[in-house]
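I have placed the structure first, in the form of structure tokens, so that the comments after it can refer back to it.
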């Protein structure tokens, strides 16, 4: 069974640009959550989608947005990039929606903003 | 106060030793507890998943949860150099899939 696939693995963008990251969950999983990982803050929750609906959002500015498609694939978008957005962006895939099933992570997309 | 506290270490142990990691938390609603292992430049890999208080063992790994003390632990027996990684604790209150993470504990097992 294929795991969680995130593309691209690496990105370099310039300040002010926007970026779109993609996540394909494990087959059959309908929940996708996104996290930002930095050395200083660790893993911080961005948002969660289940059946194309955003169910939760973390404490991030509106420049961070996401969506989920009918096949459960998800994208997150960051507009007007800032240097501080440089991080490893991780998505997690879960079968259920109530936090009572395991969350499996992809390898992440490493975003560097210059 | 952060929801989840985890001493970032690093922790160096000789091969074969027992590694002991722990996290404390402040949110009494947490009821699902996880440990992840993350190698450099990789995504977190789920090691242990437990519900409520008690112990769970899987091979060389044992997870303990003490909800009364808001304290969870991970023990790694007979540690190997391949166990060298960052270990992250995570927890959830349920109702949704939002996880709160500790900052991670870097472990180095010296051959």
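Residue numbers (my numbering), protein chains in the order written: chain A, 6 to 119; chain B, 57 to 167. Backbone N, C-alpha and C define an ideal beta-carbon position, used for all residues, glycine too.
Contact criterion: CB-CB distance below 8 Å. Does residue i meet it with respect to chain A?
i	result
residue 81(B)	no
residue 100(B)	yes
residue 152(B)	yes
residue 143(B)	no
residue 88(B)	yes
Would you verify that the beta carbon of residue i is, or is not, closer than 8 Å to some beta carbon of chain B?
i	result
residue 4(A)	In the structure as shown, chain A starts at 6 and stops at 119, and residue 4(A) therefore has no counterpart that could be examined.
residue 78(A)	no
residue 120(A)	Outside the shown range of chain A (6 to 119) lies residue 120(A), about which nothing can therefore be said.
residue 116(A)	no
residue 70(A)	no
residue 95(A)	yes
residue 32(A)	no
Rounded to whole angstroms, what's the CA-CA distance from residue i to residue j? Just pull it up for me.
i	j	result
residue 119(A)	residue 61(A)	30 Å
residue 114(B)	residue 131(B)	10 Å
residue 147(B)	residue 103(B)	13 Å
residue 98(A)	residue 83(A)	20 Å
residue 112(B)	residue 78(A)	33 Å
residue 171(B)	residue 52(A)	The question about residue 171(B) has no answer here: the residues shown for chain B are numbered 57 through 167.
residue 89(B)	residue 134(B)	23 Å
residue 83(B)	residue 42(A)	22 Å
residue 74(B)	residue 167(B)	14 Å
Which of helix, strand or coil does DSSP assign to residue i?
i	result
residue 44(A)	coil
residue 96(B)	coil
residue 26(A)	strand
residue 63(B)	coil
residue 95(A)	strand
residue 155(B)	coil
residue 103(B)	strand
residue 138(B)	helix
residue 86(A)	coil
residue 57(B)	coil
residue 74(B)	coil
residue 31(A)	coil
Run down chain B in chain order and give the residues with a C-beta less than 7 Å from the C-beta of residue i.
i	result
residue 64(A)	The contacting residues do not exist; residue 64(A) stays about 12 Å from chain B at best.
residue 111(A)	99
Taking Cβ-Cβ distances shorter than 7 Å, what residues in chain A pair up with residue i?
i	result
residue 182(B)	Given a span of 57 to 167 for chain B in the structure shown, any question on residue 182(B) remains unanswerable.
residue 159(B)	47
Counting only Cβ pairs nearer than 8 Å, list the residues of chain B close to residue i.
i	result
residue 41(A)	Those do not exist, as residue 41(A) stays about 11 Å from chain B at its closest Cβ, beyond 8 Å.
residue 53(A)	152, 153, 154
Since residue i meets chain B, which of its residues come closer than 9 Å, beta carbon to beta carbon?
i	result
residue 50(A)	154, 155, 156, 157
residue 27(A)	Those within 9 Å of residue 27(A) in chain B number zero; the least Cβ separation is about 14 Å.
Find the residues of chain A that neighbour residue i, judging by a C-beta separation of less than 8 Å, and give them in chain order.
i	result
residue 105(B)	107
Closest Cβ-Cβ distance between residue i and chain C: below 8 Å?
i	result
residue 61(A)	Going by chain labels, chain C is absent from the structure shown, which instead holds the protein chains A and B.
Ends of the beta strand (DSSP E) at residue i?
i	result
residue 132(B)	127–132
residue 71(A)	69–73
residue 61(A)	58–62
residue 109(B)	No beta strand (DSSP E) contains residue 109(B), which DSSP labels as neither H nor E.
residue 122(B)	117–122
residue 176(B)	Residue 176(B) lies beyond the stretch modelled for chain B, which goes from 57 to 167, so this question has no answer here.
residue 106(A)	It is not in any beta strand (DSSP E) - residue 106(A) carries neither H nor E in the DSSP assignment.
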